[in-house]
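J.: One structure coming up, written as structure tokens, with questions to follow.
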Amino acid sequence: MVDPSVDHRFQVSLRGVIDLLSHHLYSSPGVYLRELLQNATDAIRARQHLEPSHTGTVRLELVEKQDGGPPTLVFSDDGVGLTEEEIHRFLATIGESSKREALEARRKDFIGQFGIGLLSCFMVCDELLLVTRSARGDGRTLEWRGRHDGTYAVQESAHPLDKPGTQVFLVARADMAEWFAVERVRQLARHYGGLLPFPIHLSVGAEVERLDADGPPWRREYASAAERRKALLDYGREVFETDFIDCIPLRSQAGDVDGVAFVLPASPHFNAKQKHRVYLKHMLLSESAENLLPDWAFFVKCVVNANALRPTASRESFYEDDSLAQARVALGQGLRKYLMDLAHEDPRALQRLIGLHGLSVKALALDDDDFYRLVIGWLPFETSLGVTTLSEYRRAYPVVRYTSTLDGFRQVARVAGAQGLCIINAAYTHDAALLEKLPHVIQDAQVEPFSSSDLPQSFEELTMDERDAVFPLLRTAEQVLAPFHCGVAVKKFFPAEVPTLYSSDEEGSFRRDAERARDESDDLYASVLEGVMAAAGGEPVQLCFNLHNPVVRRLAAVSDRNMMKLSVEMLYVQALLLGQHPLNAQEMTLLNQGLLGLISAQLGTGGGGESDGGGSSGGLH
């Protein structure tokens, strides 16, 4: 019989928790040293609240066994220490933290929040000995001995400490001895604690060395701006093993963040988020934080320290909350200011930066009208007449004309360029949106989308004699192309080697796609598409013959109407293919039959000589 009035407690397997930490929460066993440094840092800061003049020191001592056994690491701090009640409460209860009670009142003072940091040491050893004397206690020195199986014991130490603080003794497990090697311990301590504001000493035998530097390099005093820039770029090379092209100071009151961003010497893929090195209260939090800067800022890598952002449970990234969001905005504004200063003070440097990191600059311009006004004229665009900046384009052409798709640009670029029309290829990321924004930000700017249906308006019209001469071709082409709902025109345009141009606007292209889908669909879906096509507007598609082209001129003079019909069909299909338009089933049939017809006609001549499909008198030559 189950008694519903009895409460039961969860049973936690320490071995299972340690396995979870080592395989899923922490990135490597080496974080044990980071967790010890964090606990020591919090202990020192807690003591500084009691004794404001206390400076604090951390000592690491490696003791090698004479018999070749696993080494021992003694990790010491002169922080606040622990009382017996705190030992039972915080060292033996997963999820408790000695900082939790004061966390809301003094969140900026402590790194640890989750009460699981010391457990990370069980990834590298089977037993921990912690010796501690509290600055708030009765002066006793206590020993806490915790074991991998989840048991622990507390007793008064027979070797009392002279002053408050804590010592942690770790004996390396046989399979983890590499994490206790002198060079590995030195590297880990520098890596995680290199920016801490108090000394960290490593002792090996009689040798003692200080491992941390003189604080963050971006806070140091320098003789000149040039010296500061050189020192920061040297620091960036040391941290990221990259020669950066510039450095940018970063500061945010939200989250109390400061640091430096480094401008990458080459543009990464625009979908790749940069991984940044971030410190929390001067302790390394992560080398791969991705959520600190705005998405558009992938042209920089940064090193920052945050005093008031909240770490995740693994302490390897920041928790997404309002403080992080506000810090991200503030750091983005610092990068924006840097770019705006370049636009005012060193436009050539901005041009070089745009050449390297155009996507980031474009993304920021879309998001910020003031920045848009500064840089839009410097942005380069591909056009039918070559690459040009928007300022150069607008000086030469009053109306900015563009195509928003690559296929659309390919359809018009060659012919438009030959007519002297400058059409921008806005198919690249952000380009169409940037151009569409222009009249909303720049007064009197004119922007128009352009398609192949706009081209014939710039073509030269025929004379009366030329119209009479091409009338048979025009009439035959209208009959041939009527089933394809395609109009016909004959004009003169360049380049002369282009015989025809198939022109359509967006609605015309949509109707073509819908017709092709209808032909390949069942009756139900086909009827739906019929209604869609009936509602579609736009100008009709058109095949424009180029009278400058020698083949068209000869075709207009052909008297054999069958040959003229076959030639029109093939020129229609060729125009579709050159314009990147997929062929529907009816057009594929036309292509196949036309090829066979041309082969048959050529074979009928005996395979020799040139033939224009019949005799010709008069016409255009």
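Okay, so the sequence shown: first residue is 7 according to my numbering, each after it adds one.
For every residue, glycine included, the Cβ atom is placed at its ideal position computed from N, Cα and C.
In this text the structure is predicted, and so the values were computed from the model without any measurement.
(1) Helix, strand or coil: how does DSSP classify residue 76 here?
(2) Are the beta-carbon atoms belonging to residue 498 and residue 550 less than 8 Å from one another?
(3) Could you give the distance in angstroms between the alpha-carbon of residue 280 and the alpha-carbon of residue 144?
(4) Are the Cβ atoms of residue 53 and residue 180 separated by less than 8 Å?
(5) Relative to the C-alpha of residue 187, which candidate in 225, 270, 36, 259 has its C-alpha closest?
(6) Please state the DSSP three-state secondary structure of residue 125.
(7) In whole angstroms, what separates the C-alpha of residue 295 from that of residue 228?
(8) If the criterion is Cβ atoms closer than 8 Å, does the pair residue 400 and residue 454 meet it?
(9) In three-state DSSP terms, what is residue 252?
(10) From residue 47 to residue 438, what distance separates their C-alpha atoms?
(11) Would you mind listing the beta strand (DSSP E) stretches within the segment 289 to 353 that are 3+ residues and don't spill past its ends, in chain order?
(12) Could you check if residue 51 is buried or exposed, using at least 16 other CB atoms within 10 Å of its CB as the buried criterion?
(13) Does DSSP put residue 44 in a helix, in a strand, or in coil?
(14) In whole angstroms, give me the CA-to-CA distance for residue 139 and residue 133.
(15) Taking the alpha carbon of residue 342 as the reference point, which residue from 289, 150, 183, 381 has its own alpha carbon closest?
(16) Rounding to the nearest angstrom, what Cα-Cα distance links residue 387 and residue 361 in this structure?
(17) Which same chain residues end up closer than 7 Å to residue 558 when comparing Cβ atoms and leaving out the 5 residues on each side of it in sequence?
(18) Of the choices 451, 412, 577, 251, whose alpha-carbon is the least far from that of residue 389?
(19) Taking a contact to mean a Cβ-Cβ separation below 8 Å, would you say residue 323 touches residue 292 in this structure?
(20) Tell me which residues share the same chain as residue 607 and place their Cβ nearer than 6 Å to its Cβ, disregarding the 5 neighbours each side in the sequence.
(21) Buried or exposed: which applies to residue 485, given that a residue is buried once 16 or more other Cβ atoms fall within 10 Å of its Cβ?
(22) Three-state secondary structure (DSSP) at residue 146?
(23) Helix, strand or coil for residue 551, going by three-state DSSP, please let me know.
(24) Since residue 254 and residue 344 are thought to touch, with beta carbons under 8 Å apart, how far apart are those beta carbons, to the nearest angstrom?
(25) Measuring only the C-alpha atoms, how far is residue 298 from residue 305?
(26) Based on the DSSP output, what are the partners of residue 492 in its beta bridges?
(27) Taking 8 Å as the cut-off, decide whether the C-beta atoms of residue 68 and residue 77 are in contact.
(28) Less than 8 Å between the beta carbons of residue 260 and residue 333, yes or no?
(29) Looking at residue 38: is its Cβ nearer than 8 Å to the Cβ of residue 127?
(30) By DSSP, does residue 115 sit in helix, in strand, or in coil?
(31) Measure how close the beta-carbons of residue 147 and residue 167 come, nearest whole angstrom, since I'm counting them as under 8 Å.
(32) Determine the extent of the alpha helix (DSSP H) in which residue 605 is found, giving its start and end residues.
(33) Return the chain-ordered ranges of every beta strand (DSSP E) run that is complete within the segment 343 to 408 and spans a minimum of 3 residues.
(34) Look at residue 42 and residue 86 and say whether their C-beta atoms are less than 8 Å apart.
(35) Give the C-beta separation of residue 2 and residue 562 to the nearest angstrom, bearing in mind that I take them to be a contact with Cβ-Cβ under 8 Å.
T.: Looking at the coordinates:
(1) In the three-state reduction of the DSSP assignment, residue 76 falls in the coil class.
(2) Contact: no.
(3) Residue 280 and residue 144 have their alpha carbons spaced roughly 51 Å apart.
(4) No.
(5) Nearest in C-alpha terms to residue 187, of all of 225, 270, 36, 259, is 36.
(6) Residue 125: helix per DSSP, three-state reduction.
(7) Taking C-alpha positions only, residue 295 is separated from residue 228 by approximately 29 Å.
(8) Not in contact: residue 400 and residue 454 (Cβ atoms no closer than 8 Å).
(9) Residue 252 falls in the strand class under three-state DSSP.
(10) Straight-line Cα distance between these residues: approximately 52 Å.
(11) The DSSP assignment places 289 to 295, 306 to 312 as complete runs of the beta strand (DSSP E) inside the segment 289 to 353, in order along the chain (cut-off: 3 residues).
(12) Under this definition residue 51 is a buried residue.
(13) Three-state DSSP puts residue 44 in a helix.
(14) Looking at the two C-alpha atoms, the distance is approximately 20 Å.
(15) Shortest Cα-Cα distance from residue 342 to any of 289, 150, 183, 381 involves 381.
(16) CA-CA distance, residue 387 to residue 361, rounds to 11 Å.
(17) Excluding residues within five positions, the ones whose Cβ falls inside 7 Å are 505, 551, 552.
(18) Per the Cα distances, 412.
(19) Less than 8 Å divides the Cβ of residue 323 from the Cβ of residue 292.
(20) Listed in chain order, the non-local C-beta contacts of residue 607 below 6 Å within the same chain number zero, local neighbours out to five positions each way being set aside.
(21) Looking at its Cβ environment, which holds fewer than 16 other Cβ atoms inside 10 Å, residue 485 is exposed.
(22) Three-state result, residue 146: coil.
(23) Strand, per DSSP.
(24) The distance from the Cβ of residue 254 to that of residue 344 is about 5 Å, consistent with a contact at the 8 Å cut-off.
(25) Each residue's alpha carbon lies about 14 Å from the other.
(26) Answer is 547, bridged to residue 492.
(27) A distance below 8 Å separates the beta carbons of residue 68 and residue 77.
(28) Yes, these two residues count as a Cβ contact at 8 Å.
(29) By the CB criterion at 8 Å, residue 38 and residue 127 fall inside the cutoff.
(30) Residue confidence is low: residue 115 scores 41 on pLDDT, short of 50, so the model does not pin down where it sits. Its coordinate-derived value is still stated next. In the structure shown, residue 115 falls within a coil segment according to DSSP collapsed to helix, strand and coil.
(31) Confirmed, Cβ separation roughly 5 Å.
(32) Here the alpha helix (DSSP H) through residue 605 covers 591 to 610.
(33) Whole beta strand (DSSP E) segments, 3+ residues: 386 to 389, 392 to 395.
(34) With respect to the 8 Å criterion, residue 42 and residue 86 are not classified as neighbours on the basis of their beta carbons.
(35) Residue 2 cannot be examined here, being either before or after the span of the chain that is shown, 7 to 627.
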